[in-house]
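To convert, note that position 588 of the sequence shown is 588 in full-length UniProt numbering; the numbers rise steadily by one, no gaps. Where a beta carbon is used, it is the ideal one built from N, C-alpha and C, also for glycine. Each remark here refers to the structure printed beneath this line.
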Amino acid sequence: MHTVKALLSWGLLLQLSTAACPFAHPEAAVHQRRDDKPAPTEDEFLKKFEVEDGESWMTSDVGGPMGDQRSLRAGQRGPTLLEDFIFRQKLQHFDHERIPERVVHARGAGAHGTFTSYGDFSNLTSASFLSEEGKKTPVFVRFSTVAGSRGSADTARDVHGFATRFYTDEGNFDIVGNNIPVFFIQDAIQFPDLVHSVKPSPDNEMPQAATAHDSAWDFFSSQPSTMHTLFWAMAGFGIPRSYRHMDGFGVHTFRFVTDDGKTKLIKWHWKTLQGKASLVWEEAQVLGGKNADAHRQDLFDAIASGNAPSWELNVQVVDEDRALAFGFDLLDPTKFIPEELAPLQPLGKMTLDINPTNYFAETEQVAFQPGHIVRGVDFTEDPLLQGRLYSYLDTQLNRHGSPNFEQLPINMPRVAIHNNNRDGFGQMFIHKNPIHYNPNTLNNGFPAQANQTTGRGFFTAPGRKASWYLVRELSATFDDHWSQPRLFFNSLTPVEQQFLINAIRFEASHIKSEQVKRNVLVQLNRISNDVAKRVAEALGMEAPAPEDTYYHNNVTQGVSIFNNTLPTIAALRVGILASVKSLDEATSLKERLAKEKLLVTVVGESLAEGVDQTYSSADATGFDAIIVAPGAEELFKTENTSPLFPTGRPGQVLLDGYRWGKPVGGLGAGSAALESTGVPSTPGVYTEEDAEKLVGGFKQGLATFKFTDRFPLDSDSDSYLN
Ligand code: HDE
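Structure below.
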C-alpha cells in the first residue's frame, strides 16, 4: 500500500488520456488503488462508453455528417461508384459484424450487479474484495448453455455455465463455473474429444444442442469419467427453471492464500437465494420451441421488474494435507465434496440488478478466463484447470483478434494498468512512457515490480512445489468413476431418480448402435443395477448382472432440487385464463397477485383492453401457475371452438400445466373448467370462491413449485411396462 501511495505522489505513473473521446480510459479508473476512492460502480464506469443517438446528425465512422440511404451512381440507372466511401464503409462494417461465437457456451445471457462481502476474511485469503464487511465490488455474470450454438434454445438439456467477473480494486477476478459441481473429464487434453462427440455430427450438422445421439453416448460410455456429470445433467440440473434458479460451482479445487502465505484448498459454491427449481423434460422441450429465449427473458424481466436475483458465495475449505482424506482426490474435477465433509462457509452476497445496455458490447464481448485471479487466490494442479488456463486466453485471441481484448470496456479492469505490454491490433491506450522495458534505470525502474510483501503484488502460494518424473498418466487416485454418481443418485427423491432414468431412456432411445447401447448399460450397471435394469427394459434389452464393486448406500444433503420449497416466489409467472366477456375479476386478481411480486398475464380470446396475451399464443410453458377466472369456463367446453385459437387450446394450457406439476386452479365459476378438462382434485389444485384464499393457496403452491406426485414411478408396478 505504502509503495503505491508513494508512486502516486511521485507522479511517475503512466498518465492516460481522459479527454471526451469515448475510448479514452475513464478518469475514474486511473490511479486508483484500494486506499483511494472506492471503485466506481459498473453502471458509472460503462456509461462513459455509451453512445446516445438522440438529436444528432448521422455521421460517417470518421465523423462527417452524411446520409446513408442512397448509393452514389453514374446516373439514376447506372452502376455504383467505387468512390462512394459511404456505401463502402457501411457495407464493409456490416460484412464484419460477426465475431466467432464461443466454441462452447455460445448461447448465453448476462447481467451486471454488485457483490457485498459479509466480513473480513483475511484469516483465509488476502483477496481484497473479501477484506471487510459491507465491501462492494461490481460484477458481471454470464449464464450459458454449453453445446448449442448462439441461436439455440435456452432450455436444451445441458450443463449450464455460470461465469462471474469481479471488477475488484486489485484487478479482475473471474469464477468461470457451471451449475453442476463436477465435470465430464479429468484431463484438459480430452476436451476437444468430449466437445466433438457432443456437438452436431460433422456430416449433417444434426442434432443441434442435444446429446441424444450416438457420438455423445459413444464417448460417454467409452470414457467413464463422464458418468458423474452425466447423472447431474440427466437430473433436474440439466433443465433448470431459469438461470435465477440454479447454483453455481467453481468445480476445480482452488487455493486461498493469506498475506503471510498460508494456504487452504477451497471449492467455490454460489447458492441461489431464489431456491433451486427445474422444469420437467416434456415442458422443457415444448418451451424450447415456444420461446427459445425463455431463460434470458426470465433474467431480463426479473431485473427489469425490480426483482433482482441474488446468490450467496460460499466456500468449502480444506487443509492442504487433506487433499486425499475423503477417499477421492481433490485434484480430480469429477468429484465434489459432500457438504457433510466440508461445510459451506458463506462469504458474501451477489445481486444482479442491471440489464446490459448492448448485448454485443457486453455479453458477447466479455472474455472470462479461469486465469483471471487476484492476490489471495491461487490455482491447484487439477489437470483440467491447468489446461483451461491456456485455452481461455487462446480462445479470446481467436474471438477478438488481438490481446487488446482486455481493453474492451466490459473487460477493462477498474484499476489502472501499468506494464510494458505494448501495441497490437486495436490498442486503445496512448502509453506515454518510452522506457517500456524492465529492468531500467531511465525511468527509475518504473513501473515497479510488486510482490507478496511490496505493492500488494499477486503471488503464487509459497508452499506449492512441482518436481517429479515426466509422465502422460493420471494418478490412480482419479480411478473411481462410479461411487460418486451412485452417491448422487442415492440422494435424490424417488421422483427425481425417475426423471433421471427417464432422461437416460429418452437419450439412449435415440442411439442407433447396439454396441453403444450395450456400453451405456455396462457403465450404468457399475453405478447401479437398478438403474441399468430400468433403462435396459425401456430399450428392450437385457441388463447386465449386478457388479457391486462400487455399490453403497451412502447419501448426502443438498443435491436434491425437488425436495425444497422456494424461499421467494418473486418474478415467477402466473397465467390467468380469462374471457373477454368478463374481465373484471381477472383484472382484480391480477392486481392482487402482482402485490406478491408475481409477473401476471391475463389470457383472452383477443387483445381486448385488460388482456395481455391471446389464447392463440398462450401455452402452459409460459406460466409457473395457471388460474381459470370466472367467465372463462365456457371456453373449456369441447363444443366451444373459435377461429381465434386452435381447437381445445384453453383446456390444453390448463391440462399441460397440471401434467407438468404446476399449481393450477379456478376462481368461482372458473373452477368448472378444471372438471370439464379432467384435472383431478389433488395437491396443488386450488378451487376457491374467495380470491384471497385462492391467492394464499397459490403462494404456497408456487413455493412448492412442482407437485411431483402427479408423475408415475416405475416402482408403482412390478414392471412399468405391464
Ligand atoms: Fe470452459 N471454455 N472449458 N469449462 N467454459 C469456454 O472460453 C474449456 C470447463 C465454462 O460465459 C471457452 O470464452 C476447456 C469447466 C464457462 O463467456 C473455451 C475445458 C467449466 C464458459 C473453454 C473447459 C467450464 C466456458 C469457449 C476443459 C466449469 C463460458 C469460449 C479443460 C468450471 C464463459 C470461451 C462465458 C467457455 C475451454 C471445461 C466453464 C474454449 C479446454 C470444467 C462458464 O476457452
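Rounded to whole angstroms, how far is the Cβ of Val653 from the Cβ of Ala608, which I believe are closer than 8 Å? The Cβ separation is near 18 Å, so there is no contact.
Three or more C-beta pairs closer than 8 Å, one from the region 534 to 554 and one from the region 507 to 526: is that the case here? For the pair of segments examined, the region 534 to 554 was found to touch the region 507 to 526: the number of CB pairs separated by less than 8 Å reaches three.
Which parts of the region 291 to 326 are runs of the beta strand (DSSP E), unbroken and 3 residues or longer, counting only runs that do not cross its ends? Listed in chain order, they are 310 to 318.
Thinking C-beta only, is Asp353 closer than 7 Å to Ile303? yes
Local conformation of Pro663 per DSSP, three classes: coil
With 7 Å set as the bound, which would you pick, yes or no: does the beta-carbon of Ala703 sit closer than that to a beta-carbon of chain D? The chain inventory of the structure shown lacks chain D, comprising one protein chain alone.
Could you compute how far the alpha carbon of Ala466 sits from the alpha carbon of Tyr392? 23 Å
Could you tell me the alpha carbon to alpha carbon distance between Gln273 and Thr568, rounded to whole angstroms? Checking the displayed sequence, the identity of residue 273 turns out to be Leu instead of Gln. In this structure, the CA atom of Leu273 is about 8 Å from the CA atom of Thr568.
If Val495 sits next to Thr708, beta carbons under 8 Å apart, how far is it from one beta carbon to the other, in whole angstroms? 4 Å
Runs of beta strand (DSSP E) wholly within the region 107 to 155 (minimum 3 residues, chain order): 108 to 117, 136 to 145
Figure out for me which residue from Asn502, Val146, Glu205 has the closest Cα to the Cα of Ala538. Of the residues Asn502, Val146, Glu205, the one whose Cα lies closest to the Cα of Ala538 is Asn502.
Those residues which DSSP pairs with Val257 across a bridge: Thr263
Would you be able to state if there are at least three C-beta pairs under 8 Å between the region 392 to 405 and the region 342 to 358? no
Per DSSP, what kind of secondary structure is Asn502 in: helix, strand or coil? helix
Helix, strand or coil at Phe478 according to DSSP, with G and I counted as helix: helix
Shortest alpha-carbon distance to Pro333 belongs to which of Gly387, Ala292, Ser305, Glu340? Gly387
First and last residue of the alpha helix (DSSP H) that includes Gln484? 483 to 490
With a threshold of 16 other CB atoms inside 10 Å of the CB of Ala74, please say whether the residue is buried or exposed. exposed
Over what stretch of residues does the beta strand (DSSP E) that includes residue 727 continue unbroken? For the chain, the structure presents residues 1 to 722; residue 727 sits outside this window and is missing.
Going by other Cβ atoms of all chains shown within 10 Å of its Cβ, with 16 needed for buried, is Ile511 buried or exposed? buried
Can you give me the Cβ contacts of Thr556 inside the same chain, cut-off strictly under 7 Å, excluding the 5 residues immediately before and after it? Pro338, Glu339, Glu340, Leu487, Ser491
What I want to know is whether the C-beta of residue 723 ends up closer than 6 Å to one or more non-hydrogen atoms of ligand 1. No statement about residue 723 is possible, as the shown extent of the chain runs from 1 to 722 and does not include it.
Burial state of Asp35, where buried means 16 or more other Cβ atoms lie within 10 Å: Annotation note: pLDDT 40 at Asp35 (below 50); position unreliable, coordinate value reported separately. The residue in question, Asp35, is exposed, as its Cβ has fewer than 16 Cβ neighbours within 10 Å.
So the candidates are Ala325, His431, Phe489; which of them puts its Cα closest to the Cα of Ala416? His431
Give the single residue among Asn563, Arg77, Phe499 whose Cα lies nearest to the Cα of Leu713. Phe499
Counting only the same chain and skipping the five closest in sequence on each side, list residues whose C-beta sits under 8 Å from that of Phe23. A caution first: Phe23 carries a pLDDT of 37, below 50, which makes its placement in the model unreliable, though a value can still be read off. Counting only Cβ-Cβ distances below 8 Å, and skipping sequence neighbours, we find Phe49, Met428.
Can you give me the C-alpha to C-alpha distance between Ile410 and Asp53, rounded to a whole angstrom? 21 Å
How big is the Cα-Cα spacing for Met58 and His93? 15 Å
Buried or exposed for Pro192, going by 16 or more other Cβ atoms inside 10 Å? exposed
Count the other C-beta atoms from every protein chain shown that fall within 10 angstroms of the C-beta of Gln497, then say buried if there are 16 or more, exposed otherwise. buried
In whole angstroms, give me the CA-to-CA distance for Ser483 and Thr477. For Ser483 and Thr477, the distance between alpha carbons rounds to 13 Å.
When every heavy atom of ligand 1 is checked, does at least one fall within less than 6 Å of the C-beta of Arg102? Flag set: Cβ of Arg102 near ligand 1.
Beta carbon of Val628, beta carbon of Tyr658: below 7 Å? Judged by beta-carbon spacing, Tyr658 lies beyond the 7 Å limit of Val628, meaning their Cβ atoms are not closer than that value.
Own chain residues within Cβ distance below 8 Å of Leu442, not counting five before or after: Ile435
Following the continuous beta strand (DSSP E) through Lys90, name the residue where it begins and the one where it ends. It is not in any beta strand (DSSP E) - Lys90 instead sits in the alpha helix (DSSP H) that spans 85 to 95.
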